[in-house]
Every structure is written in structure tokens, then in C-alpha cells.
Ligand SMILES: NC(=O)C1=CN([C@@H]2O[C@H](COP(=O)(O)OP(=O)(O)OC[C@H]3O[C@@H](n4cnc5c(N)ncnc54)[C@H](OP(=O)(O)O)[C@@H]3O)[C@@H](O)[C@H]2O)C=CC1
Ligand SMILES: O=C(CO)COP(=O)(O)O
Ligand SMILES: [Zn+2]
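Residue numbers (our numbering): 458 to 805.
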């Protein structure tokens, strides 16, 4: 067995108002000099300004950049501005965090993740999902955040839809693990029992606590953040996004390429999980009921996406990340089979 390295965050700070300690946290982690804050156009006002003030209060020289898309262009644009930078912080949603994480990786710098929404499990993961030209979304190896600063006051004030989307992204671990087991049985792909167990336990726990996930409740934000971090740690243990990304993610990435107005990542993955669970011969209604309890979408209508795009994304999903074998196989679904599947699971 080849030697392996598991990279995990060194410090995880969660709770109301922790964002104001960013400067002290960075100082305690022995960073000094110039810091780059990467953020979004909405999240600059919501959180990055506080982060920058906190850094300046601890005498860090600070620059910031706003990004829109999790694309290779955005990553390179940030990387080109990192020459005299000692630390990168990503302050925003999943796209911002992925761009900051990947730019820091390419520049050989440490990265601190400051999520402003509990909408995805990339908060603590060592992966970045970056759109790279015609290759579409690529799951790239990246540096694990050295720290995570999750201010639950900010996260709970985010649109509740983002919190529900994060829950759905965790529920998607169910079919991700089934696909991983299938690839292990069929292709002898390396499989980590511990990563799979952590990923599945995280999904089971979030479903069990579904009733406690309520709008405006700081405890809900804390619960979902913990689960997203735990899912990201399963990704670290596995050394790939396998524990949290299978056929349901292929469907979501295909939808991102096809739909005129995609829904949120976690929302699409949740609906994909319903359909892929049926393909696996599992209890798709259990998944549908769980997502409903979390106020996450379970149909094309609730995603705000026309049935035609759902069917097309199902027929194209197997072409995404071809190296990752799933229940979709190498040939994927025919159009008739895709339509039948979406209807049978009440998605369209
Ligand atoms: N690397 C990994 O392991 C993983 C990566 N991902 C990736 O994450 C992305 C999905 O992330 P997601 O967060 O759903 O989508 P986005 O990053 O696109 O964020 C969605 C929107 O929410 C806004 N927003 C974020 N926080 C707040 C807040 N507190 N209040 C109001 N608005 C807010 C963002 O603002 P703004 O416009 O300022 O950005 C953005 O407009 C995908 O690209 C996916 O591939 C998902 C899972 C794992
Ligand atoms: O979204 C993810 C896990 O939830 C990351 O998955 P990908 O590696 O498919 O981008
Ligand atoms: Zn995901």
C-alpha cells in the first residue's frame, strides 16, 4: 500500500460573532505580512468587510478581490495577485471558497475558509470544483484549509434556501457511497471504509435532526456547519470527493452545463439523489421525504428547471468525470429511460 497523507484543518472556529476574531486567529496561527481576502459581490458587504477590519486591527496588510464564477479564469486572476501575499482567505459561498482554495494551492500558500452560508460541504474539504473550459466542472486536488471560521450569526442570516441546500448536499452522500461501493466491487477502485462510514453517518445524522433545522435558529446553523465540515473531513480521509460525490453530482454538474438558470448546487444534488437512489434499487421515497422535511427541493418545478433539462442532464450525466464509475455506467441513460426515471420518482 503506497504511503498516504491526510490533510485536515488545524483549527475550526464556529459560533456567533467569530468572524471578528479573524485577525487574532491568523496571528495565533503565526501568519504575518500581507493577506489576500477573496470574496463575492454580495458577501463582500455581508462578511468580508468585517474580516478585513479584524485583520487590519492586528496589523495585517490586507488586499481583497471579488470573484463571480468558480472558473479557472477566476482562479488564475486571483493567483496573479498573490506574489507578495502570505495567506489567502475565502469569504463567501462555495464558489468563492473554491476559487480562493485553488488559487492558494497553485501559489503554494495557506488558506483559511470563512463560509458565509452552510450551503455545501467544500468548507473544510481539500478539493475544489472548478469549471475548466469545455471540460466543465472538474474536481481538483487542493490544499485543505488550515483554519475554518464559521460565524453562525452570519450563516443563519443567509437565505434559508442556502441552509436547506447544504443539508441536501449532505443527503447526497447516500448515493455517493453506493456508487463508490459499486466501483470498488466492479473495478476494485480503492475504497475507504472509515471515510465511507463518516460520510454516511453524517448524512444519517442530518436526516435524524431534520426537524431541528429551522429558519433563523443559530443552533440549526451550528448543526449543519458541523455536518458539512464532517463531510469535508470524510473527503480528506478518502483523498477524493468520492464519499460525497457520485452519480447525483454528475447529474448536478450536467444540469449546470445545460439549464439556462441552474438551481443551487446542493438543491440539484438532492434531486439527483432521489433519482439515483431509485437506479440503485434503494428507497427513493425515504430520500424524497428527508429532503422535504429539510425544505429542500424534490422536483424539477421546485428547482425552477423545465423537465426537458432534467431529462437531458440525466442522459449526459455519465459523460461528466468519466473516470468516476457510478450506477450510470459508461453508456448512461437513454432518453426514454431518463424520462421514465424522472417520472417514476415524481421529479417531473
Ligand atoms: N470543493 C468542494 O469540496 C465542494 C465544492 N462545492 C461547490 O460549491 C459551489 C456551490 O456553493 P453555493 O454556496 O451553493 O453557491 P454560491 O457560491 O454560488 O453562492 C450562492 C449565492 O449565495 C450568496 N451568499 C453566500 N453567502 C450569503 C449570505 N450569508 N447571505 C446572502 N447571500 C449569500 C453568494 O453570494 P456572492 O454572490 O457574494 O458569492 C451567491 O450569490 C459549487 O460550485 C460547487 O461545485 C460544493 C461542494 C463541495
Ligand atoms: O460537491 C462536492 C461534494 O459535495 C464535490 O464534488 P465534486 O468533486 O463532484 O465537485
Ligand atoms: Zn456537493
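All C-beta atoms, glycine included, are put in the ideal place defined by N, C-alpha and C.
Next item on the list: On a CA-only basis, which of 608, 501, 801 is nearest residue 522? Give me that one, please.
Entry: Along the chain shown, read from residue 1 onward, the residue named residue 522 stands at position 65. From the listed residues 608, 501, 801, the smallest Cα separation to residue 522 is found for 501.
Item checked: Cα-Cα separation, residue 674 to residue 752 -> Numbered from its first residue, the chain shown carries residue 674 at position 217. Numbered from its first residue, the chain shown carries residue 752 at position 295. Between residue 674 and residue 752, the C-alpha separation is close to 15 Å.
Item checked: Option in 622, 704, 778, 580 with minimal Cα separation from residue 749 -> Translated into positions along the chain shown, residue 749 becomes position 292. Nearest C-alpha to residue 749: 622.
Check: Any chance the segment 688–701 sits against the segment 460–478, with 3 or more Cβ pairs inside 8 Å?
Finding: Three or more beta-carbon pairs drawn from the segment 688–701 and the segment 460–478 are found closer than 8 Å, and the two stretches are therefore classed as touching.
Checklist line | Cα-Cα separation, residue 797 to residue 551 | finding: In the chain shown, residue 797 corresponds to position 340, counting from 1. In the chain shown, residue 551 corresponds to position 94, counting from 1. Between residue 797 and residue 551, the C-alpha separation is close to 32 Å.
Notebook entry, point to check: Quick one, which of 563, 508, 601 has its alpha-carbon nearest residue 581's?
Noted result: By 1-based counting over the chain shown, the position of residue 581 is 124. With distances taken between Cα atoms, residue 581 lies closest to 601.
Check: The beta strand (DSSP E) spanning residue 521 covers which residue range?
Finding: By 1-based counting over the chain shown, the position of residue 521 is 64. Its beta strand (DSSP E) spans residues 518–523.
Next item on the list: Please find out if some non-hydrogen atom of ligand 1 comes closer than 7 Å to the beta-carbon of residue 519.
Entry: For the purposes of this step, residue 519 is taken as residue 62 along the chain shown, with counting starting at 1. The answer is no for residue 519.
Notebook entry, point to check: What residue does the beta strand (DSSP E) around residue 597 start on, and which one ends it?
Noted result: For the purposes of this step, residue 597 is taken as the residue at position 140 of the chain shown. Note, residue 597: beta strand (DSSP E), 594–598.
Notebook entry, point to check: Taking the alpha-carbon positions, what's the residue 706 to residue 587 distance?
Noted result: Taking the first residue of the chain shown as 1, we reach residue 706 at position 249. Taking the first residue of the chain shown as 1, we reach residue 587 at position 130. If you take the alpha carbons of residue 706 and residue 587, they lie about 14 Å apart.
Check: Which residues share a DSSP beta bridge with residue 572?
Finding: As a first step, residue 572 is located in the chain shown; it is residue number 115 there, counting from the start. In the DSSP output, where bridge partners are listed per residue, residue 572 has 549.
Item checked: Span separating the alpha-carbon of residue 784 from that of residue 739 -> To locate residue 784, count along the chain shown from 1; it is residue 327. To locate residue 739, count along the chain shown from 1; it is residue 282. So the two alpha carbons sit approximately 12 Å from each other.
Note to self: Output needed for residue 779: all residues of its chain with C-beta closer than 8 Å, excluding positions within five of it in sequence on either side, in chain order.
What the structure shows: Indexing the chain shown from 1 puts residue 779 at position 322. Excluding residues within five positions, the ones whose Cβ falls inside 8 Å are 787.
Next item on the list: Tell me where the beta strand (DSSP E) around residue 793 begins and ends.
Entry: For the purposes of this step, residue 793 is identified with residue 336 of the chain shown, where counting begins at 1. No beta strand (DSSP E) holds residue 793; the alpha helix (DSSP H) holding it covers 792–801.
Next item on the list: Would you tell me roughly how many angstroms separate the C-alpha atoms of residue 538 and residue 482, rounded to the nearest one?
Entry: Your numbering for residue 538 matches position 81 in the chain shown. Your numbering for residue 482 matches position 25 in the chain shown. When rounded, the distance between both Cα atoms is 23 Å.
Checklist line | Neighbourhood of residue 468 by C-beta distance below 6 Å, restricted to the same chain and skipping five residues each side | finding: One-based indexing of the chain shown puts residue 468 at position 11. Within the same chain, residue 468 has close Cβ partners 604.
Check: What is the DSSP secondary structure of residue 578, reduced to helix, strand or coil?
Finding: Locating residue 578 in the chain shown gives position 121, where the first residue counts as 1. Correct three-state label for residue 578: coil.
Next item on the list: Just jot down, in chain order, the residues whose CB lies closer than 7 Å to any heavy atom of ligand 3.
Entry: 577, 578, 626, 629, 701, 702, 706, 722, 723, 726
Check: Just to confirm, does residue 573 get its C-beta within under 7 Å of one of the non-hydrogen atoms of ligand 1?
Finding: If you number the chain shown from 1, residue 573 lands on position 116. Under cutoff, so the answer is yes.
Check: Relative to the alpha-carbon of residue 663, which residue among 510, 564, 626, 767 has its alpha-carbon at the smallest distance?
Finding: Position 206 of the chain shown holds residue 663. Residue 626 is the option with its Cα nearest to residue 663.
Next item on the list: Tell me whether residue 791 is buried or exposed, calling it buried when 16 or more other Cβ atoms sit within 10 Å of its Cβ.
Entry: The sequence position of residue 791 within the chain shown is 334, counting from 1. Burial call: exposed.
Next item on the list: Spell out a yes or no on whether the segment 548–562 and the segment 652–660 are touching, meaning 3 or more CB-CB pairs, one atom from each, closer than 8 Å.
Entry: no
Item checked: Assumed close pair residue 844, residue 646 - CB separation to whole angstroms, cut-off 8 Å -> Residue 844 lies beyond the residue range present for the chain, which begins at 458 and ends at 805; the question has no answer from this structure.
Check: Any heavy atom of ligand 1 closer than 7 Å to the CB of residue 461?
Finding: Working through the chain shown from its first residue, we reach residue 461 at position 4. Residue 461: no, Cβ never under 7 Å from ligand 1.
Next item on the list: Counting only the same chain and skipping the five closest in sequence on each side, list residues whose C-beta sits under 6 Å from that of residue 757.
Entry: As a position in the chain shown, residue 757 is number 300, starting the count at 1. Around residue 757, the same chain offers 764, 767, 804, 805 as residues with beta carbons nearer than 6 Å, after the five sequence neighbours per side are excluded.
Next item on the list: Would you identify the three-state DSSP class for residue 532, choosing helix, strand or coil?
Entry: Within the chain shown, numbered from 1, the residue matching residue 532 stands at position 75. Three-state result, residue 532: helix.
Note to self: If I follow the unbroken alpha helix (DSSP H) through residue 724, where does it start and stop?
What the structure shows: Residue mapping note: residue 724 aligns to position 267 of the chain shown, counting from 1. Note, residue 724: alpha helix (DSSP H), 722–736.
Next item on the list: Would you give the residue range spanned by the alpha helix (DSSP H) that residue 609 belongs to?
Entry: Position 152 of the chain shown, counted from the start, is the residue given in the question as residue 609. It spans 609–614 - the alpha helix (DSSP H) in which residue 609 sits, taken as one unbroken run.
Note to self: Three or more C-beta pairs under 8 Å: does that hold for the segment 605–618 against the segment 728–738?
What the structure shows: no
Margin query: Please report the straight-line C-alpha distance between residue 629 and residue 747, rounded to a whole angstrom.
Written below: For the purposes of this step, residue 629 is taken as residue 172 along the chain shown, with counting starting at 1. For the purposes of this step, residue 747 is taken as residue 290 along the chain shown, with counting starting at 1. Computed Cα separation, rounded: 11 Å.
Checklist line | Range of the contiguous alpha helix (DSSP H) that encloses residue 706 | finding: As a first step, residue 706 must be located in the chain shown, where it is residue number 249. It spans 704–715 - the alpha helix (DSSP H) in which residue 706 sits, taken as one unbroken run.
Checklist line | Between the CA atoms of residue 610 and residue 686 - distance to the nearest angstrom | finding: The count along the chain shown starts at 1 and reaches residue 686 at position 229. The count along the chain shown starts at 1 and reaches residue 610 at position 153. Near 17 Å, if we compare the C-alpha coordinates of residue 610 and residue 686.
Next item on the list: May I ask you to check if the CB of residue 588 is nearer than 7 Å to at least one heavy atom of ligand 2?
Entry: What you label residue 588 is simply residue 131 of the chain shown in a count that begins at 1. No - ligand 2 has no heavy atom lying nearer than 7 Å to the Cβ of residue 588.
Item checked: Contact between the segment 565–575 and the segment 634–651 (3+ Cβ pairs under 8 Å) -> no
Next item on the list: Go ahead and label residue 536 buried or exposed: buried means 16 or more other beta carbons lie within 10 angstroms of its beta carbon, across all protein chains shown.
Entry: Within the chain shown, the letter at position 79 stands for residue 536. Residue 536 comes out buried.
Next item on the list: Pick helix, strand or coil for residue 586, following the three-state DSSP scheme.
Entry: On the chain shown, residue 586 is found 129 positions in, with the first residue counted as 1. Three-state result, residue 586: strand.
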